[in-house]
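Structure first, commentary second.
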Amino acid sequence: MTADPLRQLAAEGVSLWLEGAGRRQSVDGELAHSLATYGITGVGCLSDGLGAQLDRGELLTQLGELNAYGAGAAETARALSGREARAVCDALLPLWRRSRGAEGQVCAPIGHTLDADAALAEARSLHWAVDRPNLLVRLPADAVGLTAMGDCLAEGIGIAVGPVYGEEQYEDVLDAWMLGLERARDAGLAPGGIPAAVHVPVSEIESAVRGALAAHTGRTAEALRRRVGIAVARLVFTAYERRLDAPRWRELVRAGARPHRLVWSVDGESTERLAGGLVAEGTVQSLTAEGLRLLSGTVVPMEGDTLSGRVPSAREDLKLLADLGVDWPGRVRELSRAAPRRQHEAWHELVSAVGRALERVGR
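Dropping the structure here:
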């Protein structure tokens with residue numbers, strides 16, 4: 011037990027990332043406060059609140075400039091998103107340099123996620139616009155996103171991919187990641203300079219399990235509501251360890267490649283409980299600002315590494331879920347199909363908000 015679980019996680023080799031940071035937090039000093047107070051070492055995903063800040067201060071000035079230039083809504087949204095990502099990358103760049111690229115990453119999503127060519131073009135555009143080595147372009151973990159992921163890595167563009175909801179989906183991510191690094195190596199690029207991260211939304215998985223078990227009562231159902239998220243994380247981590255022990259990976263290591271970061275996204279009421287259950291050296295827990303505050307003022311049971319060597323119990327939990335009539339592989343497919351569309355729709359909502367703001371500025 012420790013009264014400082016954030017420090018204990020760091021002692022176990024677990025990095026802490028912040029979910030939902032943006033330019034406002036960077037300018038206002040909130041991001042620097044989180045770096046100093048909580049020891050965060052990355053940003054799991056930029057804030058989705060850019061659209062609500064368009065009538066404020068610097069953003070309003072930038073809107074006026076882009077409007078005078080004649081930029082349309084989509085072009086303006088890309089420009090503002092790029093500036094947002096650059097500001098956060100700059101805040102973490104000193105850490106990235108001190109750690110020689112091991113920490114300090116910032117994940118920023120693209121808008122077009124339903125077509126591989128468009129996704130690659132968007133990823134290139136964001137990469138060029140931000141022009142920071144610690145940027146990871148966020149892509150979905152479906153067929154479209156993985157195709158774009160391989161092309162990006164082959165060109166030396168850092169990638170964050172997710173959400174990943176299951177072991178089989180993660181195996182597909184591993185294949186695309188390794189192939190992309192091999193293509194980069196064969197093109198004469200240094201694989202060690204191409205960072206990558208894979209996001210597993212453990213709290214969202216738990217929420218999906220609760221929905222699937224809504225009609226069930228009893229001890230087994232209640233236990234599974236609290237265990238399946240960690241079970242999925244254990245299976246994913248085991249697949250990760252297995253791949254990093256294979257000859258294919260050892261060949262890439264000889265070319266200088268580094269492992270990608272496995273990022274467990276945690277939020278809401280599950281934060282305190284999951285913090286001690288998602289522990290393995292080299293992994294990341296990505297928490298909201300609220301989650302960081304919660305953990306900094308509580309006591310969390312810590313048992314050391316809770317992910318390695320736990321495959322039998324993890325598979326048993328998924329078997330129990332199936333015994334209760336839950337088609338978890340089917341649910342994973344549903345979640346995986348929905349995620350890219352959510353990211354795509356969020357982009358179009360931002361473009362619409364920017365369009366309305368440009369109209370106001372132009373009056």
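The sequence shown maps to residues 11 to 373 in this note's numbering. The C-beta atom is built at its ideal place from N, Cα and C for all residues, glycine as well.
Run the CB neighbour count on residue i, radius 10 Å, all protein chains shown included, and call it buried at 16 or more, exposed below.
| i | result |
| --- | --- |
| T51 | buried |
| W420 | Past the boundaries of the shown model lies residue 420; the chain is included only from 11 to 373, so the question cannot be answered. |
| M11 | For M11, the predicted structure reports a pLDDT of 43, less than 50, and the residue's modelled location is therefore unreliable. A value from the coordinates is still provided. The residue is exposed, with fewer than 16 neighbouring Cβ atoms inside 10 Å. |
| T227 | exposed |
| D337 | exposed |
| Y79 | exposed |
| R229 | exposed |
| G287 | buried |
| R88 | buried |
| E75 | exposed |
| T47 | exposed |
| R195 | buried |
| G168 | buried |
| A153 | exposed |
| G307 | exposed |
| D127 | exposed |
| E94 | buried |
| A207 | buried |
Closer than 7 Å by C-beta to residue i: which residues in its own chain qualify, once you throw out the five before and the five after it? Chain order, please.
| i | result |
| --- | --- |
| T281 | L297, G301, L304, L305 |
| D182 | L156 |
| G266 | A200, P201, G202 |
| L103 | G114, R142, N144 |
| R7 | In this structure the chain extends from 11 to 373, so residue 7 is not present and cannot be described. |
| L345 | Y175, A218 |
| L191 | L163, P201, I204, L262, A267 |
Rounded to the nearest angstrom, what separates residue i and residue j at their Cα positions?
| i | j | result |
| --- | --- | --- |
| A367 | H122 | 22 Å |
| V361 | T86 | 8 Å |
| Y250 | E359 | 35 Å |
| H354 | S44 | 29 Å |
| P257 | A83 | 48 Å |
| A21 | E232 | 32 Å |
| A222 | G335 | 9 Å |
| G365 | L70 | 13 Å |
| V309 | A133 | 41 Å |
| V238 | L330 | 10 Å |
| S25 | V263 | 22 Å |
| W106 | P269 | 16 Å |
| A324 | T248 | 11 Å |
| R320 | E29 | 27 Å |
| A356 | P173 | 15 Å |
| D333 | R193 | 43 Å |
| G278 | A299 | 11 Å |
| A31 | R260 | 35 Å |
| G92 | A81 | 15 Å |
| V289 | D185 | 24 Å |
| S318 | T293 | 12 Å |
| R347 | G340 | 11 Å |
| A158 | E313 | 39 Å |
| L56 | I215 | 21 Å |
| R110 | V116 | 15 Å |
| G198 | A224 | 53 Å |
Are residue i and residue j touching if we call contact CB-CB under 8 Å?
| i | j | result |
| --- | --- | --- |
| A151 | L136 | no |
| S217 | S275 | no |
| L189 | G160 | yes |
| L19 | Q295 | yes |
| L149 | W187 | no |
| L272 | V171 | no |
| P49 | W27 | Checking the sequence shown, residue 49 turns out to be Gly, not Pro. For G49 and W27, no; Cβs fall outside 8 Å. |
| L146 | P205 | yes |
| R244 | V219 | no |
| A241 | D327 | yes |
| L130 | P350 | no |
| V98 | Y180 | no |
Can you give me the Cβ contacts of residue i inside the same chain, cut-off strictly under 6 Å, excluding the 5 residues immediately before and after it?
| i | result |
| --- | --- |
| V342 | Y175, G176 |
| E291 | G23 |
| P15 | A285, L305, V310 |
Does the Cβ of residue i lie closer than 7 Å to at least one heavy atom of the ligand ATP?
| i | result |
| --- | --- |
| G74 | Absence of the ligand ATP is noted for the structure shown, with no ligands found whatsoever. |
To test your reading of the DSSP string, which unbroken beta strand (DSSP E) runs of 3 or more residues are found completely within the segment 46-104?
Taken in chain order, the whole beta strand (DSSP E) runs of length 3 or more contained in the segment 46-104 are 52-56.
In chain order, which continuous runs of the alpha helix (DSSP H) of length 4 or greater are located wholly inside the segment 288-352?
Inside the segment 288-352, DSSP marks whole alpha helix (DSSP H) runs of 4 or more residues at positions 299-306, 321-333, from first to last along the chain.
Can you list, in chain order, the stretches of the beta strand (DSSP E) that have 3 or more residues and sit fully within the segment 181-215?
Restricting attention to beta strand (DSSP E) runs no shorter than 3 residues, the segment 181-215 encloses them at 206-211, ordered along the chain.
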